[in-house]
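Chains as they are written, first to last, in our numbering: chain Z, 1 to 306; chain G, 307 to 656. By construction, the Cβ of each residue, glycine as well, lies at the ideal position given by its N, Cα and C atoms. A short worksheet on the structure shown next.
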Amino acid sequence: MAASTETHLSGTKATAPPPRRPRRWPWTPYLLSAPGLALFAVLLLVPLAMTFLLSLNSFSFYGGIENVWQLGNYADIIADSYFHEVFLRTFRIAAVVTLLCALFGAPEAYILRRMKSPWRGLCLLIVLGPLLISVVSRTLGWALLFGSTGLVNQGLMGLGLIATPIEFMYTETGVIIALTHVLVPFMVLSVWASLQRLDPQVENAALSLGAGPLTVMRRVVLPQIVPGILSGSIIVFALAASAFATPAIIGGRRLKVAATLAYDEFLNTLNWPLGATVAVLLLIANVVIIVGCNRLVERRYKQVFE
Amino acid sequence: MAYLVLDQLTKRFGNWTAVDNVSLTVEKGELISLLGPSGCGKTTTLQMIAGFLDADGGRVMLDGQDLLAKKPNERGLGIVFQSYALFPHMTAAENVAFGLEMRRINRADRDRMVADALKLVGLEQYGDRHPRRMSGGQQQRVALARALVIKPSLLLLDEPLSNLDAKMREEMQIELRRIQRTVGTTMILVTHDQSEAMALSDRVVVMNKGRIQQVATPQEAYDHPANAFVANFLGRTNLLPGMVGGGAGGTVITVADSVWPVAQPMAAGPGALAVRPEKIGFVDAGGLSGTVLARVFQGTQWLFEIETAAGRLMVIRQHDGSPLPAERERVMVGWRPDDMAVMPADREAA
């Protein structure tokens with residue numbers, strides 16, 4: 001009996017290291033992510049590739065779109081100062097909006113975090129409110145407020161602050177105000193997330209070491225929420241630079257940005273290849289600016305990101 | 307002249323009184339612990355001294371000055387937080403230098419003082435490390451150096467060792483005691499760990515439900531607890547109900563079939579007697595009789611559970627070869643009257 005158990009055991013031992021299967025390509029992760037990847041490819045990569053190919057085609061008023069491959073559209077845009085102006089304006093607006101969002105959003109998030117419980121939820125809801133309203137109706141609301149007889153001008157004149165109405169409609173100022181209103185929530189949420197990681201005692205520690213409230217802000221709190229401000233800025237900048245509805249309604253035909261320019265090329269002049277070129281250039285510029293700034297700030301605040 | 311005086315300090319949150327009329331005096335250079343279970347008000351008291359919470363009543367005087375009238379950043383106290391609260395974006399040396407920068411101390415002096423402080427806590431090699439690259443014990447030392455380098459008039463320690471593992475905690479206890487001896491700073495330590503409080507403090511302040519239960523040296527509080535709460539909180543104890551009355555030779559307390567003399571004057575009536583398990587011995591006569599329910603061998607000592615008419619008793623005897631009773635044996639236990647504490651029964655619930 002004992003002997004048979006022994007043999008049985010040794011038999012098991014002999015087969016203990018299982019015969020190694022021939023090493024195969026590990027398919028499982030790819031199969032599992034295939035549906036997602038397919039969706040990504042169909043909805044993003046294919047249209048992007050088609051837009052890029054379209055931007056290489058040529059266009060003439062009589063012949064329409066011709067299926068040739070050339071960089072003429074890019075050369076046109078790079079040579080024409082009108083396009084320079086539109087792109088400059090686009091990124092100027094995006095940069096100012098990003099700056100304003102950081103200036104308003106970061107303190108807003110900090111104050112929100114220090115609020116007591118019932119008020120905090122309420123105020124957070126108010127901050128996130130703009131996201132719950134359709135972009136078109138929200139922008140039309142601003143259009144109503146901005147008109148020369150609109151509430152903003154009436155109010156400012158009533159207070160005696162200005163003598164003649166300020167031009168908000170069809171100006172950069174108007175577009176910047178409306179876009180900032182829409183995009184501040186993204187900054188607040190992003191800074192909020194980094195504030196959650198902040199040890200509340202750290203501020204007390206700085207106070208106890210003799211730092212005044214402003215010094216605590218500048219030396220202790222701000223450096224720690226830089227990652228949040230940065231990721232918020234990336235979101236805000238990307239959304240502001242590619243915004244369509246707000247510049248279309250507030251800026252109108254007169255004040256074009258890259259997105260409305262591409263739209264007009266497609267639907268008004270029917271110059272699809274040029275529109276596609278504008279879109280591709282907007283994408284490239286956006287990526288270059290965002291990645292560049294990201295690198296810069298990450299290097300500056302290296303220790304915070306570790 | 308007392309150095310730090312808390313005078314009827316009170317803090318309420320809504321209708322709950324977190325700190326209730328706490329009065330305490332601390333001498334210069336003393337290390338005193340606020341000890342109690344969580345929610346006893348010890349941290350709230352510390353936060354009021356630090357200025358992070360406003361007191362609802364009472365005064366805090368430090369070296370003759372009213373502390374509550376000053377802003378937290380003007381009090382000049384050193385504080386070590388439970389979470390250490392180091393600045394994560396600064397190196398250890400920058401953390402330590404922060405308080406000196408705020409005091410506008412010039413660069414050369416600052417560098418020298420930072421180096422001295424890091425040396426004091428044994429971290430002279432770690433100045434340019436960031437906190438997240440350091441162990442819990444090292445972070446703790448940086449926090450201590452940061453608080454000490456500003457030469458605070460008072461050092462507050464809020465559960466400083468509770469995030470460390472047992473071995474590290476013992477090391478830091480010795481370290482803290484050494485540093486306290488070296489720099490002579492007056493320290494207030496908040497802790498829920500009675501062994502930590504007893505190991506470190508000159509005096510312990512036992513708190514419960516916002517009130518001070520007893521202020522005494524660790525040994526005194528252990529040997530002569532003021533009430534049942536203190537007796538139970540500081541280690542294991544046996545609490546026996548009894549009756550206090552006048553006897554022939556003075557006040558006595560009667561516990562079941564035994565009578566014990568009471569040293570302090572006490573009113574007659576129901577009382578309680580507290581005696582530590584290791585202070586109880588087996589006697590031939592004049593003690594409390596009972597039966598051994600169980601005995602457990604624990605290596606260096608024997609643990610006995612004795613059933614008596616006054617309730618169950620725990621007895622610890624050294625494993626020194628002397629004969630000890632067996633289970634189910636009838637025995638009589640006794641203790642020296644000096645080793646017991648007698649308290650009125652109504653304070654048992656305190």
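- Query: Would you say Z/Leu-183 and Z/Ala-240 are within 8 Å of each other, going by their C-beta atoms?
  - Reply: yes
Quiz item: What did DSSP end up calling Z/Met-1 once you bin it into helix, strand or coil?
Solution: Note that Z/Met-1 scores a pLDDT of 40, beneath 50, so its modelled location is shaky; the value from the coordinates is reported in the next line. The answer is coil: DSSP assigns Z/Met-1 none of H, G, I, E or B.
Please confirm whether G/Gly-347 and G/Ala-324 have their CB atoms less than 8 Å apart. yes
Check the Cβ of Z/Ala-205 against every Cβ in chain G and list those closer than 7 Å, keeping chain order. Ile-385, Phe-387, Ala-391
task: Check each residue of the stretch 347-374 of chain G: if its Cβ is closer than 7 Å to any Cβ of chain Z, include it; give the result in chain order.
output: Ala-356, Phe-358
Any idea what DSSP makes of G/Ala-578, helix, strand or coil? strand
Residues of chain G with CB under 7 Å from Z/Pro-223, in chain order?
His-395
* Hey, G/Val-496 and G/Glu-477: beta-carbon distance below 8 Å or not? -> no
Three CB pairs or more closer than 8 Å across the stretch 328-346 of chain G and the stretch 492-512 of chain G | yes
- Helix or strand or just coil, what does DSSP make of G/Met-408? helix
How about G/Arg-409: is its C-beta nearer than 8 Å to some C-beta of chain Z?
yes
Problem - Three or more C-beta pairs below 8 Å linking the stretch 251-268 of chain Z and the stretch 223-235 of chain Z - result: no
For this session: Would you kindly check if the distance between the Cβ of Z/Ala-285 and the Cβ of Z/Phe-87 is under 8 Å?
Result: yes
Only counting the same chain, and skipping five residues up and downstream in sequence, which positions put a Cβ closer than 6 Å to that of G/Met-367? Val-311
Limits of the beta strand (DSSP E) - the one that G/Glu-611 falls within: 607-614
*Measure from the alpha carbon of G/Glu-613 to the alpha carbon of each residue in G/Gln-624, G/Thr-606, G/Arg-601, G/Arg-623, then state which is nearest.*
G/Arg-601
G/Ser-628 by DSSP, collapsed to three states: which one?
coil
With H, G and I counted as helix, E and B as strand and the rest as coil, what does DSSP make of G/Glu-654? A caution first: G/Glu-654 carries a pLDDT of 44, below 50, which makes its placement in the model too unreliable to give a value.
* Asked: Given that G/Gly-541 touches chain Z, what residues does it touch there, using C-beta distances under 9 Å?
  -> Those within 9 Å of G/Gly-541 in chain Z number zero; the least Cβ separation is about 31 Å.
Q: Could you tell me how far apart the beta carbons of G/Met-513 and G/Gly-342 are, in whole angstroms, since I believe they sit closer than 8 Å?
A: 4 Å
*Helix, strand or coil: how does DSSP classify G/Ile-586 here?*
coil
Inset, instruction - Could you tell me which residues DSSP puts in a beta bridge with G/Thr-323? - result: G/Arg-318
Q.
Is the beta carbon of Z/Pro-273 closer than 8 Å to that of Z/Phe-91?
A. no
Z/Phe-40: first and last residue of the uninterrupted alpha helix (DSSP H) it sits in:
28-40
Counting Cβ pairs closer than 8 Å, one from the stretch 561-568 of chain G and one from the stretch 593-607 of chain G, do we hit at least three? yes
Of the residues Z/Ser-55, Z/Gly-72, Z/Leu-31, Z/Ala-95, the one placed nearest Z/Phe-237, counting alpha carbons only = Z/Ala-95
What are the partner residues of G/Arg-381, as DSSP defines its beta bridges? In the DSSP output, where bridge partners are listed per residue, G/Arg-381 has none listed.
Find the residues of chain G that neighbour Z/Asp-199, judging by a C-beta separation of less than 9 Å, and give them in chain order.
Phe-387, Ser-389, Tyr-390, Ala-391, Leu-392, Pro-394
Segments of 3+ residues assigned as beta strand (DSSP E) that fall wholly inside the stretch 423-464 of chain G
461-464
- Query: For a contact meaning CB atoms closer than 7 Å, what does G/Gly-442 contact in chain Z?
  - Reply: Ordered by position in chain Z, no residue passes the 7 Å Cβ test against G/Gly-442, which lies about 14 Å from the chain.
Strictly below 7 Å CB to CB, what residues from chain G border Z/Leu-211?
First, the residue type needs correcting, since residue 211 of chain Z is Ala and not Leu in the sequence shown. Those within 7 Å of Z/Ala-211 in chain G are Asn-379, Met-408.
- Candidates G/Ser-468, G/Ile-385, G/Met-493, of which the one nearest Z/Ala-206 by Cα: G/Ile-385
| Any beta-carbon of chain Z closer than 8 Å to the one on G/Phe-319? | no
inquiry  = By the three-class DSSP mapping on this structure, what secondary structure does Z/Phe-59 have?
reply    = strand
Considering Z/Gly-141, what are the terminal residues of the alpha helix (DSSP H) in which it resides?
135-146
State the start and end residues of the unbroken alpha helix (DSSP H) segment that holds Z/Arg-120. 117-132
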